[in-house]
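In what follows, a single structure is set out as structure tokens and then discussed.
Protein chains: 2
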Amino acid sequence: MYKIVNKDGNAKSATFSTVHGEIQTPVFMNVATVAAIKGGVSTRDLEDIGTQVVLSNTYHLHLRPGDDLVYRMGGLHKFMSCNKPILTDSGGFQVFSLAKTRKIKEEGVYFHSHIDGHKLFMGPEESMRIQSHLGSTIAMAFDECPSAKAEHEYVQMSVDRTTRWLERCKKEMDRLNGLRYTVNPHQMLFGINQGAIFNDIRIEHAKRIADMDLDGYAVGGLAVGESHEEMYDVLEHVVPFLPEDKPTYLMGVGTPANILEAVDRGVDFFDCVYPSRNGRHGHLYTKRGHINILNARYELDDTPIEEGCQCPACRSYSKAYIRHLLKAGEMLGMRLCVLHNLYFYNNLVKEIREAIRSNNYQAYKKKTLESMSEFDSVISSESYNIARNWRKG
Amino acid sequence: MYKIVNKDGNAKSATFSTVHGEIQTPVFMNVATVAAIKGGVSTRDLEDIGTQVVLSNTYHLHLRPGDDLVYRMGGLHKFMSCNKPILTDSGGFQVFSLAKTRKIKEEGVYFHSHIDGHKLFMGPEESMRIQSHLGSTIAMAFDECPSAKAEHEYVQMSVDRTTRWLERCKKEMDRLNGLRYTVNPHQMLFGINQGAIFNDIRIEHAKRIADMDLDGYAVGGLAVGESHEEMYDVLEHVVPFLPEDKPTYLMGVGTPANILEAVDRGVDFFDCVYPSRNGRHGHLYTKRGHINILNARYELDDTPIEEGCQCPACRSYSKAYIRHLLKAGEMLGMRLCVLHNLYFYNNLVKEIREAIRSNNYQAYKKKTLESMSEFDSVISSESYNIARNWRKG
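Residue numbers (numbering that gives the first Met the number 0), protein chains in the order written: chain Z, 0 to 392; chain V, 0 to 392.
Structure follows, in structure tokens:
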């Protein structure tokens, strides 16, 4: 199911076979929160931008339109007309980051909807049932994501509970996959390593979940406030204790530099909202660094965002046109920027794959990081906060 | 340049050769106000939805990004990467409908920008120069569009001035087309018939402008508050006095029924914001009438907006999915609805052409109008005002 094609140092490149098609890794999963990529991008656009895997959000879809509706529509693939693998997160992260007044108990989490405030409960079984309704290719285990600032004692207690929740997830997923009317009887389950920035807890936890023979393993609870150096340190310590012969997924990460560094530490699955969110604000990725298309210097620039880029925006439109569209508040401006940024990320991991498979990863990484620093000076005061992080490494 | 392929009663179907390609009429021009079709639709989508001609707005582009910028970018075709004919309106209608505190004089109109209030002037020469900068395929003459409620005396005075303005437009356009660095030296000019609902003024005006040997003739100042019956009455009286061997353009009209009726009175060019504006509000056109996709009855509807429709939305997505997207405020919902509606309009005029060319127009019109009434009952109280007019005839 998961076959390593080549290793170059710790960087690994594999093929991962799923019931919805084969994934080449390293892979960047494109975020479609409520069954649509923000910025007016549809599943008909995915071939054009090189998307391999779509990621949707269990919490959001549970609230709207409701996973029972998606189930009755035949599952997420049919609902959003998607013929590629889809990964759903467990809802855990959103329960902890978006929901109001949450209360964590052994059975799960009591919380209030961030949309209308109504009372909800989600535990491991509920998360699995929702994801089974959605019928995603890969389901994520329900976990608690403690704050990067949490105390050692709390984190230890939380991670122990997350392990117990994982056992319940696995049991429930096995049961659901055996049901007669399940959408996807081959639904896979990835476990999630937690432990904040405490390597002792992380390593102990990694060992415990590695024994459970899951379909893949994620490192969660990073990119939530710790420094990049702390994140890389955690990866260096914990990835060696996760099964190499399974997918290794770093959740919610990150900048192009983050991805290059994490690949170097054995990670091969990624997802992040940066390309679509930054795109909607006119922050665009290029091989020479990021640019803010609203900058006055692009007013009369009739060249594409990046020369030679094969994305649907660069193949037809100039910076001047896209800048005009954003200035005028035209939806098309956002769509073109998101298409470009997603293409950039998908193409970045494609180049990473090629570099690993030709044993050239270190040289590729060095060259790419150096090249990306060229445009730093362009970041204007207009810049949207999130964009500031994009190239930090 | 303009060749009638067939006439069926008063309905005419022609081919119109332009420097940017051949137009088959009757044609529906797709509105791209500020060089983009609202709803995230790009020129890359035009083949998919059957667009023949794009219409952009001189007033809007003059204010933002500025016609001098478009000129420096090589004209509108290059700026928006469009290889189809583009018609630009004269800016007159927007000056009269959007601008603040306008003052009409013999030389032109003094007004304030609706964006930032700064003082502007536009007369026939200014309108021609802006449109020449834009380099559209077809420029429209600068005219005054008097209110449907205006008195006979005022309308007569206004129309006389519009005639004098037209003479100035023609002279200026000839001069501009001869300049060395003009974007499109083959830019065509259409004149506009005015006269509110006074047939005597309209007919007299039609005769005067018909003598001027322009590239096409529009009927303006309709669909601005008068009844549909009044509009049809004007067409019946005035179209016979416009040259049959030139394009006959009914500006800003309208509903599918309006188009069917106007074609029957000799019109073969149309434009209207309805399909894109209604689409953004979830009001969708079908052969059986219009539907409001937000209606609860579509919550679990896994069929396309219209069975058999070949638009990019219907080929892949269900009503339930599109409804969910609009409910969730996803841009993609609006894009899919606009793509469907524009396809519907472009396909409607395609069917009209086929009916005229096979001498079957009366039967086609009758059948289509009857069929479109089926879904009337669906219009819910949620409906957006504009949508109410869509099928009125």
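Positions of the beta carbon are idealized from the N, C-alpha and C atoms, including for glycine.
Everything numeric in this text was worked out from a predicted model, so none of it was measured.
- Listed by position along chain V, the residues whose Cβ is nearer than 8 Å to that of VAL40 of chain Z are LEU331.
- Per DSSP, reduced to three states, the secondary structure at THR302 of chain Z is coil, with no helix or strand assignment.
- Among the CB atoms of chain V, none fall inside 7 Å of the CB of PHE27 of chain Z.
- Take the alpha-carbon of MET156 of chain V and the one of HIS289 of chain V: they are about 41 Å apart.
- The region 15–26 of chain V makes no contact with the region 281–301 of chain V; the number of CB pairs closer than 8 Å stays below 3.
- By the C-beta density criterion, ILE208 of chain V is buried, having at least 16 other C-beta atoms within 10 angstroms.
- Sixteen is the threshold: when 16 or more other Cβ atoms of the shown chains lie within 10 Å of the Cβ of VAL40 of chain Z, as they do, the residue is buried.
- Exclusion of the five residues before and after TYR284 of chain V leaves ASN340, PHE343 as the residues of its chain whose Cβ lies within less than 6 Å of its Cβ.
- Assigned with DSSP and collapsed to three states, LEU241 of chain Z falls in coil, not helix or strand.
- Cβ neighbours of VAL69 of chain Z within its own chain (closer than 7 Å, five residues either side excluded): LEU60, LEU75, PHE78, HIS132, LEU133.
- Under the Cβ distance rule, MET0 of chain V does not count among the residues neighbouring chain Z, no pair being separated by less than 7 Å.
- A straight-line Cα-Cα distance of about 13 Å links ASP212 of chain Z and CYS168 of chain Z.
- The beta carbon of SER315 of chain V sits closer than 7 Å to some beta carbon of chain Z.
- In this structure, the beta-carbon distance from LEU335 of chain Z to PRO255 of chain Z does not fall below 7 Å.
- For TYR320 of chain V, the chain Z residues whose Cβ falls inside 8 Å of its Cβ are ALA34, MET72, PHE78, MET79, SER80, in order along the chain.
- In this structure, DSSP gives GLY288 of chain V an extended state, which the three-state scheme calls strand.
- Neighbours of ALA327 of chain V in chain Z, taken as residues at a C-beta separation under 7 Å, are given in chain order as VAL33, ARG63.
- The Cβ atoms of VAL218 of chain Z and ASN192 of chain Z sit closer than 7 Å to each other.
- The Cβ atoms of LEU97 of chain Z and MET28 of chain Z do not sit closer than 7 Å to each other.
- Restricting attention to beta strand (DSSP E) runs no shorter than 3 residues, the region 245–277 of chain Z encloses them at 247–249, 268–270, ordered along the chain.
- A Cβ of chain Z is located within less than 7 Å of the beta carbon of HIS323 of chain V.
- DSSP places GLY332 of chain V in the helix class (H, G or I) of the three-state scheme.
- Between TYR109 of chain V and PHE92 of chain V, the CB-CB gap reaches or exceeds 7 Å.
- Taken atom to atom, the span from the alpha-carbon of ARG356 of chain V to that of ALA34 of chain Z is near 44 Å.
- Within the region 142–176 of chain V, no residue has its Cβ closer than 9 Å to any Cβ of chain Z.
- HIS280 of chain Z places its beta carbon 7 Å or farther from that of PRO64 of chain V.
- Taking a beta-carbon distance threshold of 7 Å, ARG276 of chain V does not count as an interface residue toward chain Z.
- Neighbourhood of PRO84 of chain V in chain Z, by CB distance below 7 Å: empty, with the nearest CB roughly 18 Å away.
- For GLU369 of chain Z, the enclosing alpha helix (DSSP H) begins and ends at 360–370.
- Membership of ILE129 of chain V in the alpha helix (DSSP H) is indicated by the continuous run 123–133.
- DSSP places ALA205 of chain V inside the alpha helix (DSSP H), whose first and last residues are 198–209.
- Assignment of LYS318 of chain Z by DSSP, reduced to helix, strand and coil, places it in the helix class.
- At least one C-beta of chain Z is nearer than 7 Å to the C-beta of ARG43 of chain V.
- In this structure, ASP244 of chain Z and TYR1 of chain Z form a Cβ contact; the two beta carbons are roughly 6 Å apart against a cut-off of 8 Å.
- Rounded to the nearest whole angstrom, the C-alpha separation of PRO311 of chain Z and SER275 of chain Z is 15 Å.
- For PRO311 of chain V, the chain Z residues whose C-beta falls within less than 7 Å of its own C-beta are ARG43, listed in chain order.
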